[in-house]
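Chains as they are written, first to last, in this note's numbering: chain A, 2 to 203; chain B, 2 to 203.
There are 2 protein chains.
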Amino acid sequence: MVRTAAAVMRQEERTGRRQAQILDAARACVRVEGIHAASMSRVAAEAGMSVGHIYQYFENKEAIMLALCERDFDDFMLHIMKISDSAGRDVDAIVQTFSKEIIWLLDSDRAAFTLEFMAEAARNPKFSDLVVRVDHRLRSALRAIIEPVLEGLSRREIDMRVETLLVMTRCLTVHAGTRPIGDRGALASGFELAFRGVISPS
Amino acid sequence: MVRTAAAVMRQEERTGRRQAQILDAARACVRVEGIHAASMSRVAAEAGMSVGHIYQYFENKEAIMLALCERDFDDFMLHIMKISDSAGRDVDAIVQTFSKEIIWLLDSDRAAFTLEFMAEAARNPKFSDLVVRVDHRLRSALRAIIEPVLEGLSRREIDMRVETLLVMTRCLTVHAGTRPIGDRGALASGFELAFRGVISPS
DNA sequence: ATTAAAAGAATGATTGATCATTCGTACGGT
DNA sequence: ACCGTACGAATGATCAATCATTCTTTTAAT
Numbered sequence: 002m003v004r005t006a007a008a009v010m011r012q013e014e015r016t017g018r019r020q021a022q023i024l025d026a027a028r029a030c031v032r033v034e035g036i037h038a039a040s041m042s043r044v045a046a047e048a049g050m051s052v053g054h055i056y057q058y059f060e061n062k063e064a065i066m067l068a069l070c071e072r073d074f075d076d077f078m079l080h081i082m083k084i085s086d087s088a089g090r091d092v093d094a095i096v097q098t099f100s101k102e103i104i105w106l107l108d109s110d111r112a113a114f115t116l117e118f119m120a121e122a123a124r125n126p127k128f129s130d131l132v133v134r135v136d137h138r139l140r141s142a143l144r145a146i147i148e149p150v151l152e153g154l155s156r157r158e159i160d161m162r163v164e165t166l167l168v169m170t171r172c173l174t175v176h177a178g179t180r181p182i183g184d185r186g187a188l189a190s191g192f193e194l195a196f197r198g199v200i201s202p203s
Numbered sequence: 002m003v004r005t006a007a008a009v010m011r012q013e014e015r016t017g018r019r020q021a022q023i024l025d026a027a028r029a030c031v032r033v034e035g036i037h038a039a040s041m042s043r044v045a046a047e048a049g050m051s052v053g054h055i056y057q058y059f060e061n062k063e064a065i066m067l068a069l070c071e072r073d074f075d076d077f078m079l080h081i082m083k084i085s086d087s088a089g090r091d092v093d094a095i096v097q098t099f100s101k102e103i104i105w106l107l108d109s110d111r112a113a114f115t116l117e118f119m120a121e122a123a124r125n126p127k128f129s130d131l132v133v134r135v136d137h138r139l140r141s142a143l144r145a146i147i148e149p150v151l152e153g154l155s156r157r158e159i160d161m162r163v164e165t166l167l168v169m170t171r172c173l174t175v176h177a178g179t180r181p182i183g184d185r186g187a188l189a190s191g192f193e194l195a196f197r198g199v200i201s202p203s
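Now the structure itself:
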């Protein structure tokens, strides 16, 4: 009755692959239809599998969307962490790399997604919980970046700046979702000014 | 056969009232369910009228949502114009009033709406056209505010700053939509720093 | 002023499509 | 022979939109 270790591993790997396959398909559907308009039958068609089979890997549609949202946030945080890790102690360098990297993080694909999930989070607590969690991680990353530069400031002053950066980071994402960014360079310059205003130890 | 002028006026007034009534109901539904999940029957119930009757005043559901979106944007622009009109020529004063006013403009109700419509605009051209139009008006208002302060700068430099302010203004709205703003004062201070960075004639 | 006729306002059951989810069935590896 | 994998038709709910119908208001003629 007991399955071999190899069999278990193969099964787990297949499950993972299937789930990823479903999430990829769901992403494609949500991208053009939105969370609510994306139907299970179309997701199934996109994934190249049957409708019923999807329910073997996810409890229901909402579970798929939540998993998709989480996967997207994780990917976003991965990029942010990379910026945070490579940050130095020179204000100019931080401002410059941060604004440039953030701008390049924006593609309309990711942005449209974030927008979709944020809208859902505005009314569905399961999604807003996810947003709260990723906000928390994002704040930590931002604090790690600016704290070395603003050593003299009070905890409260730093928190205020972290919060501002968080909102600005998010807003860029959302902006990119609505329409193609015309001139990344110009926008990066503009945000460099804004970031410098927030980060500079005045 | 020709109706009296008084009758026409009364009819027009009633039409206006009915349309507003429908839009109010639609707003309430979209607020808690989103554009797609909001059903005509629930909108009708909220409006206190029959489903069929709604179709006397709007061609279809999308037309209602577009009208609702437009009404919301118009209201938003009204507030922005008020800020723009009262702006002086002193940088500090501009930065201070602008950041404070913008923050106070945010209530989670309006924000959740904007979020919803932005998400829709990311895939529906009819909505994105609306966004493009309101962006245009918003840019004009922002340019009117900062141009007197940045007289020496090139057209390109000013455009870059206008664009940055536009994105920042929008992002605040989105942020407010996702969750309640904890400390408006702190956020206003943070954005004052950012705005000063963008607006200051360096 | 009264009233019959016409127009407009409002209803809600109905239609056909689509939705998320379930279930009976079949295939294929072990 | 067994069991996990996979299918897709079936189910019942819900959707946007329509339409036959009933009220209500307005108009025109007396």
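No residue lacks a Cβ here, since even glycine has one placed at the ideal position from N, Cα and C.
{"Asked": "Given that R162 of chain B touches chain A, what residues does it touch there, using C-beta distances under 7 Å?", "Found": "G191"}
{"Asked": "Assuming H176 of chain A contacts C70 of chain B (C-beta within less than 8 Å), just tell me the rounded distance between them.", "Found": "Actually they are not in contact, since the Cβ atoms of H176 of chain A and C70 of chain B sit about 18 Å apart, beyond 8 Å."}
{"Asked": "In the segment 101-140 of chain B, which residue ranges form an unbroken alpha helix (DSSP H) of at least 4 residues, counting only runs that do not cross its ends?", "Found": "109-122"}
{"Asked": "Which residue marks the beginning of the alpha helix (DSSP H) containing I81 of chain A, and which one marks its end?", "Found": "62-86"}
{"Asked": "Please name the residue, chosen from A:T170, A:D130, A:T16, that lies closest to I104 of chain A on a Cα-to-Cα basis.", "Found": "A:T170"}
{"Asked": "Can you check whether the C-beta of T98 of chain B is within less than 9 Å of a C-beta belonging to chain A?", "Found": "no"}
{"Asked": "List, in chain order, every chain A residue whose beta-carbon is nearer than 7 Å to that of M78 of chain B.", "Found": "Result: empty, since nearest Cβ-Cβ is about 16 Å, beyond 7 Å."}
{"Asked": "Within 10 Å of its beta-carbon, does G191 of chain B have 16 or more other beta-carbons around it, so buried, or fewer, so exposed?", "Found": "buried"}
{"Asked": "Can you check whether the C-beta of R185 of chain A is within less than 9 Å of a C-beta belonging to chain B?", "Found": "no"}
{"Asked": "Enumerate in chain order the residues of its own chain whose CB-to-CB distance from G35 of chain B is below 8 Å, with the five nearest sequence positions on each side excluded.", "Found": "E117"}
{"Asked": "Less than 9 Å separating the beta-carbons of M50 of chain A and V135 of chain A?", "Found": "no"}
{"Asked": "Helix, strand or coil for F59 of chain A per DSSP?", "Found": "coil"}
{"Asked": "Considering only residues of the same chain and omitting the five flanking positions on each side of R19 of chain B, which have a CB-CB separation below 6 Å?", "Found": "Y58"}
{"Asked": "Should V150 of chain B go down as buried or exposed, given a rule of 16 or more other Cβ atoms within 10 Å for buried?", "Found": "buried"}
{"Asked": "Less than 9 Å separating the beta-carbons of F114 of chain B and R43 of chain B?", "Found": "no"}
{"Asked": "Taking H37 of chain A as the query, report the chain B residues whose CB atoms sit under 7 Å from its CB, ordered along the chain.", "Found": "G35, H37, A38"}
{"Asked": "Output needed in chain order: residues of the segment 130-143 of chain A with a Cβ under 9 Å from some Cβ in chain B.", "Found": "V132, V133, D136"}
{"Asked": "Interface residues of chain B around R197 of chain A at Cβ under 8 Å?", "Found": "G198"}
{"Asked": "Alpha carbon to alpha carbon, how far is R197 of chain A from T98 of chain A?", "Found": "11 Å"}
{"Asked": "Leaving out five residues on either side along the sequence, give the residues of the same chain with a beta carbon under 6 Å from the beta carbon of M66 of chain B.", "Found": "I36"}
{"Asked": "Between L151 of chain A and chain B, is any beta-carbon pair separated by less than 9 Å?", "Found": "no"}
{"Asked": "How should E60 of chain B be labelled, buried or exposed, when 16 other C-beta atoms within 10 angstroms of its C-beta is the threshold for buried?", "Found": "exposed"}
{"Asked": "Please report how far the alpha carbon of A46 of chain A lies from the alpha carbon of A38 of chain A, in whole angstroms.", "Found": "15 Å"}
{"Asked": "Looking only at its chain, what residues have a beta carbon closer than 7 Å to the beta carbon of R90 of chain B, apart from the 5 residues adjacent to it on each side?", "Found": "P149, V150"}
{"Asked": "Consider the Cβ of C70 of chain A: report whether some Cβ of chain B lies at a distance smaller than 9 Å.", "Found": "no"}
{"Asked": "Taking just the CA atoms, how far does I81 of chain B sit from D25 of chain B?", "Found": "22 Å"}
{"Asked": "Measure the CB-CB distance between R111 of chain B and D73 of chain B and report whether it falls below 9 Å.", "Found": "yes"}
{"Asked": "Quick one: which chain B residues come within Cβ less than 8 Å of M169 of chain A?", "Found": "M169, C172, A195"}
{"Asked": "If you draw a straight line from the C-alpha of M161 of chain B to the C-alpha of E102 of chain B, how long is it?", "Found": "22 Å"}
{"Asked": "Among A:S129, A:D130, A:S141, A:E158, which one has its Cα closest to the Cα of D86 of chain A?", "Found": "A:S141"}
{"Asked": "By the three-class DSSP mapping on this structure, what secondary structure does R43 of chain A have?", "Found": "helix"}
{"Asked": "For a test of the three-state rule: what should DSSP assign to V163 of chain A, helix, strand or coil?", "Found": "helix"}
{"Asked": "Using DSSP with H/G/I as helix, E/B as strand and the rest coil, what is I23 of chain B?", "Found": "helix"}
{"Asked": "Around the C-beta of T174 of chain B, are 16 or more other C-beta atoms found within 10 angstroms, so that it is buried, or is it exposed?", "Found": "buried"}
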